[in-house]
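Quick notes on the structure that follows.
There are 2 protein chains.
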Amino acid sequence: MPHDAPGPRVIAGLAKIGLALKSHAWQQAGGRGLTPTQAQILTVLGARGQGGLRLSEVAEALAVTPATASDAVSALESKSLVRKRRQAADGRAVAISLTARGRREAARAAVWPDVLLEAVDELSEYEQGALLRALTRIIRRLQLRGKIPVSRMCVTCSYFRPHVYPDRAAPHHCAFVDAPFGDAALRIDCPDHVAASEDQAAGAWREFIHPERRPDHVV
Amino acid sequence: MPHDAPGPRVIAGLAKIGLALKSHAWQQAGGRGLTPTQAQILTVLGARGQGGLRLSEVAEALAVTPATASDAVSALESKSLVRKRRQAADGRAVAISLTARGRREAARAAVWPDVLLEAVDELSEYEQGALLRALTRIIRRLQLRGKIPVSRMCVTCSYFRPHVYPDRAAPHHCAFVDAPFGDAALRIDCPDHVAASEDQAAGAWREFIHPERRPDHVV
DNA sequence: TAGACTCTTTAGGAGTCCTAAAGGAGTAAA
DNA sequence: TTTACTCCTTTAGGACTCCTAAAGAGTCTA
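Chains as they are written, first to last, in our numbering: chain U, 2 to 220; chain Z, 2 to 220.
What follows is the structure, given as structure tokens:
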């Protein structure tokens, strides 16, 4: 019950879910001879590895040191799920990309825990929107502090126009698809993301969190 | 951006934060010669280890196998942070408790990441409440499916009376402290938690998620 | 063409995490 | 009371994670 700050309790809740994600990752990955890290690398490569990512990018996406990433990538290479080539543009760097088999594995690994998905889907659309909005704000703050890798979120995208419509169910606009949308459609990792300039991102951020424009409820 | 289900995006967001928690745990723990698992064990023991927890309870709380927990506890024992005794009631079981030094370490390890806390505190009280409520619902569902260890949440507590007041800022009542409270005061791991019977918990749960009584907004 | 960087790999070590198997301690039925 | 479970914990073995530190290569700049 009551009466100390909600912050620590929110974090405790997030940690609990983190625990669930972690233990799920082990079960999931274990089943197909992968470890969580390896599965995660496959997923990252699948999501945005068109031209191949460099090792340092992989390491950053997973928030581990390059040494750790190098190990894991080597393990994947020896399983023929991943290919390493020297990058043409920079002879020091390496381009890591999926093999055909790797792509198949990646697709399977990217499927989210049914149970977790089911738990989230049980929330109303309004609650999901509120949750997504709160998560977005937390992630953005963590990114500004350099605590987690920058992700391809609406709020840092040059196509994002927050709170431009009076409609509370869909106040934002995406200039990429040229359509309005609401908090429940906010993205965390958008394939079409194009990083906004720092100024633009800061401006959009101010609009986004602007208290007077915050939707009170939608249901 | 838009127009597929928000579920996967919510999970992506949770995963991002999980990443931040994980990398923070390494930094934090590394500083004092502990690993994340060891720090976590200390925290669990500090939070509810009055009479000492058995190994299997520790393993369950961390969502690892008993073998892993046994290793980590041995490591802590060799650092004199933890004590192991045979349990009187059951000669097979072992009672693990903190030493004086362990208690001090536990107190320090329990402090949450400043940056994360700061990010959460930046949300309005209403947003924090909505977040906590949504997390509570997700966790409860995961628990029902046996995916994470049962935690000492309001919604499974015999003292919890959801939605008994019309006041939208504080609709619930805690019979332990005999006071009303709102979503922002919901607990995830309450020291005074007393597990409700299954029937009672199910009833409270129905009341808690009851759509007609869901607070629309509070600000 | 020297540094001075940058990107990646290797080495070494503690620890995580699993499965499998082996003790010892309780329990319950023959 | 003995035998046959069953439960709690530990050990063993193996693949990986994760770190720091240092070394090898490649690139850029003065």
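Glycine is no exception: its CB is placed at the ideal position from the N, C-alpha and C atoms.
Per DSSP, serine 81/U is not a residue of any beta strand (DSSP E), being assigned neither H nor E. A residue is called buried when at least 16 other Cβ atoms come within 10 angstroms of its Cβ; proline 192/Z does not meet this threshold and is exposed. Secondary structure of leucine 132/U (DSSP, three-state): helix.
Taking C-alpha positions only, valine 151/U is separated from glutamine 144/U by approximately 6 Å. With 16 or more other Cβ atoms from the protein chains shown falling within 10 Å of its own Cβ, aspartate 184/U counts as buried. According to DSSP, valine 74/U shares a beta bridge with no other residue. Relative to alanine 196/U, the option among Ile12/U, Leu20/U, Met154/U and Gly53/U whose CA is nearest is Met154/U. Annotation for alanine 40/U: Ala30 and Ala110 place their beta carbon closer than 6 Å to its own, counting only its chain and skipping 5 residues before and after. In the three-state reduction of the DSSP assignment, alanine 96/Z falls in the strand class.
Here leucine 22/Z really is in contact with alanine 16/U; their C-beta atoms are around 6 Å apart, less than 8 Å. Interface residue (Cβ-Cβ distance to chain U less than 8 Å): proline 9/Z is classified as such. The residues Asp184, in chain order, have a CB closer than 8 Å to that of alanine 131/U in the same chain once the five nearest residues on each side in sequence are set aside. Under DSSP, the beta-bridge partners assigned to alanine 196/Z are Cys158/Z. DSSP, read as helix, strand or coil, puts histidine 164/U in coil. Excluding five sequence positions before and after alanine 171/U, the CB atoms of its chain that fall closer than 6 Å to its own CB belong to Pro181, Phe182 and Gly183, given in chain order. Three or more pairs of CB atoms, one per stretch, sit closer than 8 Å, so the segment 197-207 of chain U contacts the segment 155-168 of chain U. Proline 67/Z carries a helical assignment under DSSP once its states are collapsed to helix, strand and coil.
Beyond the five residues adjoining it in sequence on each side, arginine 87/Z comes within less than 7 Å, by CB distance, of Val95 in the same chain, given in chain order. By the rule that beta-carbons nearer than 8 Å mark a contact, isoleucine 149/U touches chain Z.
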